[in-house]
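What follows is a set of notes on a single structure, which appears directly below.
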Amino acid sequence: GESVGLHLPTLSVQEGDNSIINCAYSNSASDYFIWYKQESGKGPQFIIDIRSNMDKRQGQRVTVLLNKTVKHLSLQIAATQPGDSAVYFCAEKIQGAQKLVFGQGTRLTINP
Amino acid sequence: GAGVSQSPRYKVAKRGQDVALRCDPISGHVSLFWYQQALGQGPEFLTYFQNEAQLDKSGLPSDRFFAERPEGSVSTLKIQRTQQEDSAVYLCASSPRQVSNQPQHFGDGTRLSIL
């Protein structure tokens, strides 16, 4: 399949380890944040979201942390599996708008 | 259940030709978005519909780009007089309600190559 991102920041972890992907967002008026996973040749797939009135939200094997003071978002993936290999994007939505503004993306590679 | 469907998956056109890209959103979804994704980059917003109303077209790069959603369901993105810099993946996303702060669900996109 096609490569989603050729010159992205990369993170390599061993299968079974935990991974943390970081994202700095730009606008203090953003009120909603989403993490997407994008595999080669496919569209972004929703993983987890968080509203600005929260600082932590957990899903199945994933946790999102939001630090509004420093405008930082992170995605933690527990017990990584080969299927977690993909490019991960954070996205923010500014209050009052509908569009998402995406970050640069991080390529996560899971080593067996 | 059926997700967002886009067609064609791949489109090759010669510079100067017009192209039309189709998006079938998830049934019943009110909001529909178009994004452009260049190689190695995150998606960038083009335009937004709420039902048949185009409420935000601030991301359309030029007047060669036109989008419509006449009956509030299927949408078409048209690019006239294509140029090489239009080569990208065009993604469509939909979300269920008018209320904001909910996930947008994406299709797999149309990869457009302009020769």
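One line per chain: the protein sequences are A and B, in this order.
Quick note on numbering: the first sequence equals residues 453 to 564 in my numbering.
Quick note on numbering: the second sequence equals residues 158 to 272 in my numbering.
Virtual Cβ for every residue (Gly too), placed ideally from N, Cα, C.
Keep in mind that this is a model prediction, so the values were computed, not measured.
About 7 Å separates the Cβ atoms of Pro564(A) and Pro534(A), confirming a contact at the 8 Å cut-off.
Spanning the alpha carbons of Thr521(A) and Gln174(B) requires a straight line of approximately 49 Å. Under the three-state reduction of DSSP output, Asp243(B) falls in the helix class. Considering only Gln198(B), Asp213(B), Gln237(B), the residue with the shortest C-alpha distance to Leu189(B) is Asp213(B). Here Ser219(B) is not bridged, per DSSP, to any residue.
Pairwise C-beta distances place the region 231 to 248 of chain B out of contact with the region 461 to 473 of chain A, as fewer than three of them are shorter than 8 Å. Minimum Cα-Cα distance from Ala481(A) among the listed residues Trp487(A), Arg503(A), Asn474(A), Ile499(A) corresponds to Arg503(A). Asp507(A) carries a coil assignment under DSSP once its states are collapsed to helix, strand and coil.
Counting only Cβ-Cβ distances below 8 Å, His262(B) has contacts in chain A at Phe498, in chain order. Note on geometry: alpha-carbon atoms of Gly468(A) and Leu517(A) lie some 21 Å from one another. Ranked by how close their Cα comes to the Cα of Ile472(A), the residues Ile546(A), Gly555(A), Thr515(A) have Thr515(A) in first place. Residue nearest to Leu178(B) within the set Asn208(B), Ala245(B), Gly216(B) is Ala245(B) (criterion: CA-CA distance). Apart from sequence neighbours up to five positions away, the residues of its chain that approach Phe206(B) with a beta-carbon distance below 6 Å are Leu189, Arg226, ordered along the chain. Annotation: the region 478 to 535 of chain A contains the following complete segments of the beta strand (DSSP E) (minimum length 3 residues), in chain order: 482 to 490, 497 to 503, 508 to 510, 514 to 519, 524 to 529.
The region 540 to 559 of chain A makes no contact with the region 160 to 167 of chain B, as fewer than three CB pairs between them are under 8 Å. In the DSSP annotation of this structure, the continuous segment of the beta strand (DSSP E) that includes Lys235(B) starts and ends at 232 to 236. Counting along the chain, the unbroken beta strand (DSSP E) around Lys545(A) starts and ends at 538 to 546. Rounded to the nearest whole angstrom, the CA to CA distance from Ala210(B) to Val553(A) is 21 Å. Among the CB atoms of chain B, one or more fall inside 8 Å of the CB of Asp483(A).
Not one beta carbon of chain B lies nearer than 8 Å to the beta carbon of Gln533(A).
As a beta-bridge residue in DSSP terms, Lys168(B) pairs with Leu269(B). Taking the CA atoms as reference points, Trp487(A) sits about 9 Å from Glu544(A). Using a CB distance cut-off of 8 Å, Lys494(A) counts as an interface residue toward chain B.
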